[in-house]
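Right, one structure below, let's go through it.
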Amino acid sequence: MGRILAIDYGRRRCGLAVTDPLRIVATALATIPPAELVAFLKDYMSRETVDEIVVGLPTTMRGEPSDSMRYITPALGRLRKEFPAMKFTMWDERFTSTLAHRAMIDAGVKKSDRRDKGAIDRMAAVIILNSYLSASPLK
């Protein structure tokens, strides 16, 4: 069984998280610029088996696609072209950045470390992946 990888895609940074091979635990993997995403994934997947990629789906409070879809849709198209055999799933990412920031506060992370936007992006990817995993325990 391969891992599941999650992407919190942003214009400046992409937060990545991944499960363990048994798909029990989600952990932060990296924060990378969007321009380096394909190269990073190719390198990572040359070393690890990944069966599915979950991409954060930004929606409004009404459940409609947010403005962020303008750059996520083309990026997802590039990923699908580069990895045609990969299963891609879009997953609701509402409030993940807020939840990530709150989780860092609750964990006692120093204020100076909470300013690291890359850490928030990685944590948001972990939250997306945990939400996805908990929605279906048979993943």
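According to our numbering, the sequence shown is numbered sequentially starting from 5. Just so it is clear, CB atoms sit at the ideal spot from N, CA and C, and this is done for glycine as well. Quick caveat: nothing in here was measured; it's all calculated off a predicted structure.
Per DSSP, V29 lies in no beta strand (DSSP E) segment and is marked neither H nor E.
Between the alpha carbons of P69 and L80 lies a distance of about 14 Å. Excluding five sequence positions before and after K91, the CB atoms of its chain that fall closer than 8 Å to its own CB belong to D55, E56, I57, given in chain order.
For F87, there is no enclosing alpha helix (DSSP H), as DSSP marks it with neither H nor E.
Contact annotation: M94 and V59 have beta-carbon atoms nearer than 8 Å. Ranked by how close their Cα comes to the Cα of L33, the residues V22, N134, R15 have V22 in first place. In this structure, the straight-line span from the alpha carbon of G122 to that of G19 is close to 7 Å. Within the model, the alpha-carbon separation for Y48 versus L9 is close to 10 Å. Under the 10 Å beta carbon count, V29 is surrounded by fewer than 16 other beta carbons and is classified as exposed. In this structure, the CA atom of E97 is about 15 Å from the CA atom of R15.
Nearest to R84 by C-alpha distance, out of L26, T53, L45, is L45.
For A43, the enclosing alpha helix (DSSP H) starts and ends at 41 to 51.
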